[in-house]
Amino acid sequence: MGASLLIDIQNDFLPGGSLAVPDGDAVIPVANRLMPAYRLVVATEDWHPAGHGSFARSHAGKRPGEVIEPTGQDQVLWPDPCVQGTPGAELHDDLDRGGVDEGDGCDDLLNGPGATPLGGWRSR
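The sequence shown lines up with residues 1 to 124 when you count with full-length UniProt numbering.
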């Protein structure tokens, strides 16, 4: 088969994380089982430097869920998920990282479409 995208299977998005998705860890055994069937497996990682522009605490008086426009486009403010170098930013330990071919990057101000440099991957 072609490619499989594993989207943000990180500790902060799983039960117990700062921005947990209920039962989010249920995707891990499924991903591990399906990875060998794909020619290319890309795992994205939503990670940011401390003080990232999408964090509510980076903007005085702002709270998670509020929207600002730092560069002319809407930015939803979040708690502090997936900060670089923290356990919450790591892919979950049960995910078979040996089956993953590539990951992605981040932008210091934005979080969302257009903030990730996937140009190299798109050219494949």
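We put the CB at the ideal spot given by N, CA and C, even for glycine.
Residue environment, residue i, which counts as buried when at least 16 other CB atoms sit within 10 Å
i     : result
PRO81 : buried
GLY17 : buried
ALA26 : exposed
Close beta carbons around residue i, own chain, < 7 Å, minus the five adjacent residues each side
i     : result
HIS59 : ILE68 and LEU77
Contact under 8 Å by Cβ, residue i with residue j
i     : j     : result
PRO87 : PRO64 : no
HIS48 : VAL83 : yes
MET35 : ASP74 : no
Spatial distance of residue i from residue j (CA atoms)
i     : j     : result
ALA50 : ASP93 : 23 Å
ASN32 : PRO15 : 18 Å
GLY72 : GLY98 : 40 Å
GLU66 : ALA37 : 41 Å
8 Å CB neighbourhood of residue i in its chain, flanking five on each side removed
i           : result
residue 134 : Residue 134 falls outside the range modelled here, since the chain spans only 1 to 124, and no answer is possible.
PHE55       : HIS48, LEU77, TRP78, PRO79 and ASP80
PHE13       : LEU19, ALA20, VAL21, GLY24, ASP46, PRO81 and CYS82
PRO29       : ASP94
LYS62       : ALA56, ILE68 and LEU77
Presumed contact (8 Å Cβ cut-off) between residue i and residue j, rounded CB distance
i     : j     : result
GLY53 : PRO70 : 6 Å
Residue i beta carbon near the ligand GDP (any heavy atom closer than 7 Å)
i     : result
THR44 : Annotation note on the ligand GDP: not contained in the displayed structure, which lists no ligands.
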